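Quick notes on the structure that follows.
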Amino acid sequence: MDGTSRPLLGTLSDILGSLEAHHLTHEGVNRLRILTRHPDRWAPIQPAGWSVDVAWCSPRQGQGRLPYRPDAVIKDLVENVTKATAYILDVLDINGPAVDDVSTWLLMLDDCSVDVDSQVYVCVDDGLHKSADLTRWSTILPRVILPSESTHQPREASFEPSKNEPISESVGSLQPELDAHEIQHLTRLPIAFSPDALRRRIMQWRRMGFDVSDLESALVQDSEDRERIYRHVEENVRRAIDLDRRLTMMAEHLPATDVERDRFRLRQLTGLDQIESSLNALMD
Numbered sequence: 001m002d003g004t005s006r007p008l009l010g011t012l013s014d015i016l017g018s019l020e021a022h023h024l025t026h027e028g029v030n031r032l033r034i035l036t037r038h039p040d041r042w043a044p045i046q047p048a049g050w051s052v053d054v055a056w057c058s059p060r061q062g063q064g065r066l067p068y069r070p071d072a073v074i075k076d077l078v079e080n081v082t083k084a085t086a087y088i089l090d091v092l093d094i095n096g097p098a099v100d101d102v103s104t105w106l107l108m109l110d111d112c113s114v115d116v117d118s119q120v121y122v123c124v125d126d127g128l129h130k131s132a133d134l135t136r137w138s139t140i141l142p143r144v145i146l147p148s149e150s151t152h153q154p155r156e157a158s159f160e161p162s163k164n165e166p167i168s169e170s171v172g173s174l175q176p177e178l179d180a181h182e183i184q185h186l187t188r189l190p191i192a193f194s195p196d197a198l199r200r201r202i203m204q205w206r207r208m209g210f211d212v213s214d215l216e217s218a219l220v221q222d223s224e225d226r227e228r229i230y231r232h233v234e235e236n237v238r239r240a241i242d243l244d245r246r247l248t249m250m251a252e253h254l255p256a257t258d259v260e261r262d263r264f265r266l267r268q269l270t271g272l273d274q275i276e277s278s279l280n281a282l283m284d
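Last residue of the sequence shown: 284 (my numbering), numbering continuous.
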């Protein structure tokens with residue numbers, strides 16, 4: 001597995017099917033590391049063609065135990081001391097039991113995926129979780145798609161807006177860099193938008209290359225604070241898009257290193273005033 005994939009949500013059967021399909025189509029050593037609070041449940045799990053290492057995530061300290069904390073799990077994924085080819089995370093409620101707690105945890109996993117060199121699966125149970133919760137989480141991370149299903153289903157799960165919340169969206173480039181010829185403004189969210197609409201917008205902006213991590217806190221705020229935080233970030237994103245277009249137009253008059261530096265800052269939504277002043281000075 002190439003380490004460039006985002007984490008995937010899936011039932012145990014779908015995850016095992018994906019692992020076995022990978023074994024059949026790829027040569028080399030396949031190592032699976034499972035992080036769970038219930039290691040006994042996973043003792044009999046042995047996907048064909050994989051060696052398995054089960055790590056016990058526990059709130060109690062002890063030799064060989066992994067602390068049951070989000071930062072400890074993310075550190076394990078990033079450092080990957082065991083050289084695992086794939087991970088299964090059976091720690092869905094590590095950030096808390098509420099639906100929003102799980103959503104925040106999935107966002108954290110998605111954010112760190114660029115630093116993880118193995119495929120990560122997050123195990124969910126369709127019979128345990130409400131369908132509305134699963135749909136919500138599927139707007140944050142894509143679901144596992146087995147090879148036999150890939151020709152019939154999209155790569156990532158979709159989410160249909162409710163009838164009382166129409167959102168006409170013009171999706172920009174899915175590339176992780178800004179491109180003046182592809183990236184577009186998204187239609188502003190209506191007043192009193194829902195947390196689900198905000199989650200979709202966060203994912204869209206991420207795919208356009210923007211760092212909107214400051215917006216994640218709005219997911220757990222009341223409607224007034226959620227609106228206030230969103231509008232601030234939205235204005236910065238719209239400014240960054242306009243400034244990127246201007247930067248592209250003026251690129252031939254600037255050192256290449258300055259252009260790349262400013263594009264990076266635009267993706268981070270930082271230094272917008274300074275970049276705008278510099279571009280205005282070139283126009284004078």
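Positions of the beta carbon are idealized from the N, C-alpha and C atoms, including for glycine.
All of these numbers come straight from a predicted model, not from anything done at the bench.
Q | Local Cβ density within 10 Å of residue 119, reported as buried at 16 or more and exposed below that | A | As a working mapping, residue 119 is identified with position 119 in the sequence shown. It counts as buried.
Q | Proximal residues to residue 125 (C-beta, below 7 Å), its chain only, five neighbours per side dropped | A | The residue you call residue 125 lines up with position 125 of the sequence shown. So the list reads 11, once near-sequence residues are dropped.
Q: Report yes if the C-beta distance between residue 34 and residue 21 is below 8 Å; otherwise report no.
A: Here residue 34 is taken as the residue at index 34 of the sequence shown, counted from 1. Here residue 21 is taken as the residue at index 21 of the sequence shown, counted from 1. Their beta carbons are not under 8 Å apart, which means residue 34 does not touch residue 21 by this criterion.
**Q.** Uninterrupted alpha helix (DSSP H) stretches inside the region 17–101 (no shorter than 4 residues)
**A.** 39–42, 70–79
**Q.** Exposed unless 16 or more other CB atoms sit within 10 angstroms - verdict on residue 177
**A.** Here residue 177 refers to the residue found at position 177 of the sequence shown. The predicted model places residue 177 with a pLDDT of 40, which falls under 50 and marks its position as unreliable, so this point remains unresolved.
Q: Please say whether residue 57 and residue 91 have beta carbons closer to each other than 8 Å?
A: Taking the first residue of the sequence shown as position 1, residue 91 is located at position 91. Taking the first residue of the sequence shown as position 1, residue 57 is located at position 57. It is a contact, given that the beta carbons lie within the stated cut-off.
Q: Would you mind stating whether residue 110 and residue 89 have Cβ atoms separated by less than 8 Å?
A: For the purposes of this step, residue 110 is taken as the residue at position 110 of the sequence shown. For the purposes of this step, residue 89 is taken as the residue at position 89 of the sequence shown. No, Cβ-Cβ distance for residue 110 and residue 89 is not below 8 Å.
Q: Mark residue 60 as exposed unless 16 or more other C-beta atoms lie within 10 angstroms of its C-beta, in which case mark it buried.
A: For the purposes of this step, residue 60 is taken as residue 60 along the sequence shown, with counting starting at 1. Exposed, by the Cβ-count rule.
(Q) Pairs of beta-carbons, one from the region 235–248 and one from the region 268–276, closer than 8 Å: are there three or more? (A) Yes, since at least three Cβ pairs between the region 235–248 and the region 268–276 fall closer than 8 Å, the two stretches touch.
**Q.** Under the three-state DSSP convention, the category residue 152 falls into
**A.** Numbered from its first residue, the sequence shown carries residue 152 at position 152. Only weak support exists for where residue 152 lies, its pLDDT of 39 falling under 50; the value from the coordinates is given anyway. Correct three-state label for residue 152: coil.
**Q.** Distance between residue 70 and residue 79 (C-alpha atoms, nearest Å)
**A.** Stepping through the sequence shown from its first residue, residue 79 is reached at position 79. Stepping through the sequence shown from its first residue, residue 70 is reached at position 70. Whole-angstrom Cα-Cα distance: 14 Å.
Q. Quick one, are the C-beta atoms of residue 51 and residue 77 less than 8 Å apart?
A. Numbered from 1 along the sequence shown, position 51 holds the residue referred to as residue 51. Numbered from 1 along the sequence shown, position 77 holds the residue referred to as residue 77. Their beta carbons are not under 8 Å apart, which means residue 51 does not touch residue 77 by this criterion.
**Q.** alpha helix (DSSP H) segment containing residue 247, residue limits
**A.** Position 247 of the sequence shown, counted from the first residue, corresponds to residue 247. Where residue 247 is concerned, the enclosing alpha helix (DSSP H) stretches over 223–250.
Q | Cβ neighbours of residue 189 in the same chain (closer than 8 Å, five flanking residues each side left out) | A | Within the sequence shown, residue 189 is the residue found at index 189, counting from 1. Non-local C-beta neighbours of residue 189 in its own chain, meaning closer than 8 Å and more than five positions away in sequence, comprise 167, 197, 198, 201, 230, 234, ordered along the chain.
(Q) Let me confirm a value: residue 237 is counted as buried when at least 16 other C-beta atoms fall within 10 Å, else exposed. Which label applies? (A) Position 237 of the sequence shown, counting from 1, holds the residue named residue 237. So residue 237 ends up on the buried side.
**Q.** Residue span of the beta strand (DSSP E) that contains residue 9, given as start and end
**A.** By one-based count along the sequence shown, residue 9 stands at place 9. First-last of the beta strand (DSSP E) with residue 9: 8–10.
Q) Who are the near neighbours of residue 281 in its chain, counting only those whose CB is closer than 8 Å to its CB and skipping five residues on each side? A) The count along the sequence shown starts at 1 and reaches residue 281 at position 281. Its chain contains no residue whose beta carbon lies nearer than 8 Å to that of residue 281 once the 5 sequence neighbours on both sides are disregarded.
Q: Would you mind giving the Cβ-Cβ distance between residue 203 and residue 139, rounded to the nearest angstrom? I have them listed as a contact below 8 Å.
A: For the purposes of this step, residue 203 is identified with residue 203 of the sequence shown, where counting begins at 1. For the purposes of this step, residue 139 is identified with residue 139 of the sequence shown, where counting begins at 1. At roughly 7 Å, the Cβ-Cβ gap stays under 8 Å, so residue 203 and residue 139 are in contact.
Q: Per DSSP, which residues does residue 144 bridge with? Please list them.
A: The count along the sequence shown starts at 1 and reaches residue 144 at position 144. Partner(s): none; residue 144 has no beta bridge.
**Q.** Close Cβ partners of residue 39 (< 6 Å) along its chain, the five nearest in sequence each way excluded
**A.** Working through the sequence shown from its first residue, we reach residue 39 at position 39. Closer than 6 Å at the Cβ level, and outside the excluded window around residue 39, lie 54, 56.
Q. Sorted by chain position, which residues of the same chain lie with C-beta nearer than 6 Å to residue 17's C-beta, five sequence neighbours on each side aside?
A. Indexing the sequence shown from 1 puts residue 17 at position 17. The answer, listed in chain order, is 146.
(Q) Looking at the strands, I want to know which residues DSSP matches up with residue 295. (A) With the chain represented from 1 up to 284, any question about residue 295 goes unanswered, as that position is not in the structure.
(Q) Suppose contacts are defined by Cβ-Cβ distances below 8 Å. Is residue 215 in contact with residue 240 by that definition? (A) Working through the sequence shown from its first residue, we reach residue 215 at position 215. Working through the sequence shown from its first residue, we reach residue 240 at position 240. No, Cβ-Cβ distance for residue 215 and residue 240 is not below 8 Å.
**Q.** Top-ranked residue by Cα proximity to residue 268, from 232, 283, 256, 213
**A.** As a working mapping, residue 268 is identified with position 268 in the sequence shown. The option with the nearest alpha carbon to residue 268 is 213.
Q) Would residue 116 pass as a contact of residue 94 if the rule is Cβ separation under 8 Å? A) Here residue 116 corresponds to residue number 116 of the sequence shown, with the count starting at 1. Here residue 94 corresponds to residue number 94 of the sequence shown, with the count starting at 1. Against a cut-off of 8 Å, the Cβ pair of residue 94 and residue 116 comes out as no contact.
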